[in-house]
Amino acid sequence: MTLREKAAQVVFTRLGSNMPPPVTVAEDRDRVAALLDRCPLGGLVLFNGDLATTPAHLEALQARVDVPLLVAADIERGAGQQLRGATVFPHARAFGALGEEAEAAVEAAARATAREARAAGVHITFGPVADVNLDPHNPIIAIRAFGEEPGAVARLVQAYVRGARAGGLLTAAKHFPGHGNTRRDSHAELPVVTSGRDTLLRTDLVPFRAAIEAGVDLMMTAHVAFPALDPSGRPATASRPILHDLLRDELGFDGAVITDSLLMGAIRDAYPDAGAQAVALVQAGVDILLDQPDPEGAVDGLVRAVEEGRLAEARLEEAVGRVQRLRQRAFGAGGPVPDRAVPDLPAHQALARRLARRAVHVRAAGTGLLPLDPERAAREGMLAVLVQPHRSRLDPPEQPLGAALRAAFPGVTYAEVGPETEEARYRALAQQAGSAAYVLLALVVKPAAWHAFGLTPRQQRFVASLAARPGVVLAALGSPVVLEAFPQAAARLCTYSDVPVSQEALVAVLREGR
103 MTLREKAAQV VFTRLGSNMP PPVTVAEDRD RVAALLDRCP LGGLVLFNGD
153 LATTPAHLEA LQARVDVPLL VAADIERGAG QQLRGATVFP HARAFGALGE
203 EAEAAVEAAA RATAREARAA GVHITFGPVA DVNLDPHNPI IAIRAFGEEP
253 GAVARLVQAY VRGARAGGLL TAAKHFPGHG NTRRDSHAEL PVVTSGRDTL
303 LRTDLVPFRA AIEAGVDLMM TAHVAFPALD PSGRPATASR PILHDLLRDE
353 LGFDGAVITD SLLMGAIRDA YPDAGAQAVA LVQAGVDILL DQPDPEGAVD
403 GLVRAVEEGR LAEARLEEAV GRVQRLRQRA FGAGGPVPDR AVPDLPAHQA
453 LARRLARRAV HVRAAGTGLL PLDPERAARE GMLAVLVQPH RSRLDPPEQP
503 LGAALRAAFP GVTYAEVGPE TEEARYRALA QQAGSAAYVL LALVVKPAAW
553 HAFGLTPRQQ RFVASLAARP GVVLAALGSP VVLEAFPQAA ARLCTYSDVP
603 VSQEALVAVL REGR
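Going by the numbering used here, the sequence shown opens with residue 103, and the numbers climb by one from there.
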């Protein structure tokens, strides 16, 4: 390889996007093809694809390069998170609620995810999430973590690695050395974890050590500062004491180190120039630069740094070697085309439904309130309101909760409110609630990049005004922390996720009981 070809191997660019305005894989293919013609990068990170068409687009892009592309995807919640038509599983915290079944459930879901991803031409999942959700108000981890106890999280992290490997998918534990004890979103700003080194070793680092023991292939870095590990205040992504001294020398990890997205504010603001950023991160111990908005600028910066003696070519070659080892694991004796084995989608989707149902936690049933009586709901009225603090352009016109409720409780009045909903709408819904036998308030509180965590002030007032009334059921479609603000509600449930199967599971429990 030439020096430029080596530099290009450590840069992965995005194909498709879920950020506004959303761009599908099909719509983005020509742009990425032209980029690969100019600069044959090492890999892609896939967003907003389709199980039916994405394999052909990836094959076409693979045909343009001499060195096969590694294709990664952020599919924590199943391949359906990025591939329409594939299976969507609940958030990780729902698995943590399964008790003794949790490890087997995680392993089965990871194996199903792997088979669907490989069938589409994806080789790497950005999972498992190895963060321990130590702060219940964490705005970006929360229900993405398996739980709040380091040992329990560690066991499920290992189960995920086993399951994904069995399905042929490489894994990336994230976000090293831990993003679970923060109240700031690294998409927007740099969080700082003030825990001491000994505390970090007993808490945040436990699942990462377990991931290494299980043979995880990659470690994704956190754009988070840890003064106890690196007094310079640099984010872990740019810290040689964290990525080399701790991760390599102390924990013994020899796989590839990949950054979290370099679009994120916590790292972009610290290193606004693509070339300078690339050099600093590779010097710190990064092997793969992920989602750099100026990939050619990153490659050019690495080339100049080697030519000028600011970056040792041996360090670049070390990173390229780790990328190549990933490629060997991903492809084996075969090539980079999709695995033609058709995954058993109906079985995988049935698994997702079954796990979502078992994860529903009835925290308080109310005296004789649950399960709800469909005949009484039809006779005396039922109002259901889905409360969403934020919405995405990729959201459907109506969430699946509406159809599930109508099927289970004919005659139900269903409404959705979001951040744009006017006060008059809330007043009208409160008035309707006054004449209904049952009122369901389904609260979506989940982590989302660049969004505030939790209900808006107007939504909090609306829920508080109804929570204590007879016949009111509060359901957290996501983090259970939202329920703590409304202890006056007699009936409280939590699904730990808002994915479609979790919405349907909530309705099943309301109708049939736990």
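Idealized CB from N, CA, C, for every residue including glycine.
It should be emphasised that the depicted structure is a prediction, and the values quoted were computed from it without experimental measurement.
- By the C-beta density criterion, Ser604 is buried, having at least 16 other C-beta atoms within 10 angstroms.
- Nearest C-alpha to Gly434 among Pro572, Gly270, Ala162: Gly270.
- The Cβ atoms of Leu576 and Leu595 sit closer than 9 angstroms to each other.
- In the DSSP assignment, Phe114 is bridged to Gly145, Leu392.
- The shortest C-alpha to C-alpha distance from Asp306 to any of Val489, Ala181, Phe248 is the one to Phe248.
- Going by beta carbons, Ala550 and Val541 fall outside the 9 angstroms limit.
- Counting only the Cα atoms, Leu485 lies some 6 angstroms from Ala538.
- Under the DSSP assignment, Thr189 falls outside any beta strand (DSSP E); it carries neither an H nor an E label.
- Here Arg465 carries a strand assignment [DSSP, helix/strand/coil].
- In this structure, the alpha-carbon of Gln183 lies about 29 angstroms from that of Ala340.
- Fewer than three pairs of CB atoms, one per stretch, sit closer than 8 angstroms, so the region 376–389 makes no contact with the region 297–315.
- The C-beta distance from Ala222 to Thr156 rounds to 5 angstroms, short enough to fall under 8 angstroms.
- By the beta-carbon neighbour count (other beta carbons within 10 angstroms, threshold 16), Asp497 is exposed.
- If only uninterrupted alpha helix (DSSP H) runs of at least 4 residues are considered, those enclosed by the region 195–273 are 204–222, 252–268.
- Our two residues, Ile242 and Pro293, have alpha carbons roughly 11 angstroms apart in a direct line.
- Residues of the same chain with a CB within less than 7 angstroms of the CB of Gly145, apart from the 5 flanking positions on each side, are Phe114, Leu171, Leu172, Val173, Ala174 in chain order.
- Apart from the 5 residues on each side of it in sequence, Arg311 sits with its Cβ closer than 8 angstroms to the Cβ of Ala256, Leu353 in its chain, given in chain order.
- By the 16-neighbour rule on beta-carbons within 10 angstroms, Glu606 is buried.
- The residues Phe197, Gly198, Ala204, Glu205, Val208, Phe248, in chain order, have a CB closer than 7 angstroms to that of Leu258 in the same chain once the five nearest residues on each side in sequence are set aside.
- Cys141 places its beta carbon less than 9 angstroms from that of Ala110.
- Three or more Cβ pairs closer than 8 angstroms define a contact, and the region 514–521 meets that threshold against the region 488–496.
- In chain order, Phe228 place their CB closer than 6 angstroms to the CB of Asp176, counting only its own chain and leaving out the 5 sequence neighbours on each side.
- With a cut-off of 8 angstroms on Cβ pairs, the region 404–412 is in contact with the region 368–384, counting three or more such pairs.
- Taking the Cα positions, Leu320 is about 12 angstroms away from Arg350.
- Here Thr126 is buried, its C-beta having at least 16 other C-beta atoms within 10 Å.
- Cβ-Cβ distances below 6 angstroms link Val584 to Leu545, Val547, Ala578 in the same chain, with the five nearest sequence neighbours on each side left out; the list follows chain order.
- The three-state reading of DSSP puts Gly282 in coil, since its state is none of H, G, I, E or B.
- Note that the region 226–240 touches the region 273–283; at least 3 beta-carbon pairs, one per stretch, sit closer than 8 angstroms.
- With respect to Leu153, Val134 sits apart: the two C-beta atoms are not nearer than 9 angstroms.
- At the C-beta level, Ala330 and Thr296 come within 9 angstroms of one another.
- For Ala517, the three-state secondary structure derived from DSSP is strand.
- Note on the region 490–548: whole alpha helix (DSSP H) runs with a minimum of 4 residues are 502–510, 525–535, in chain order.
- If you draw a 10 Å sphere on the C-beta of Pro122, you find fewer than 16 other C-beta atoms in it, and that means exposed.
- Here Ala210 is buried, its C-beta having at least 16 other C-beta atoms within 10 Å.
- Partner residues in a beta bridge of Gly387, as assigned by DSSP, do not exist.
- Between Ala266 and Thr215 the beta-carbon gap is near 7 angstroms, inside 8 angstroms, which marks them as a contact.
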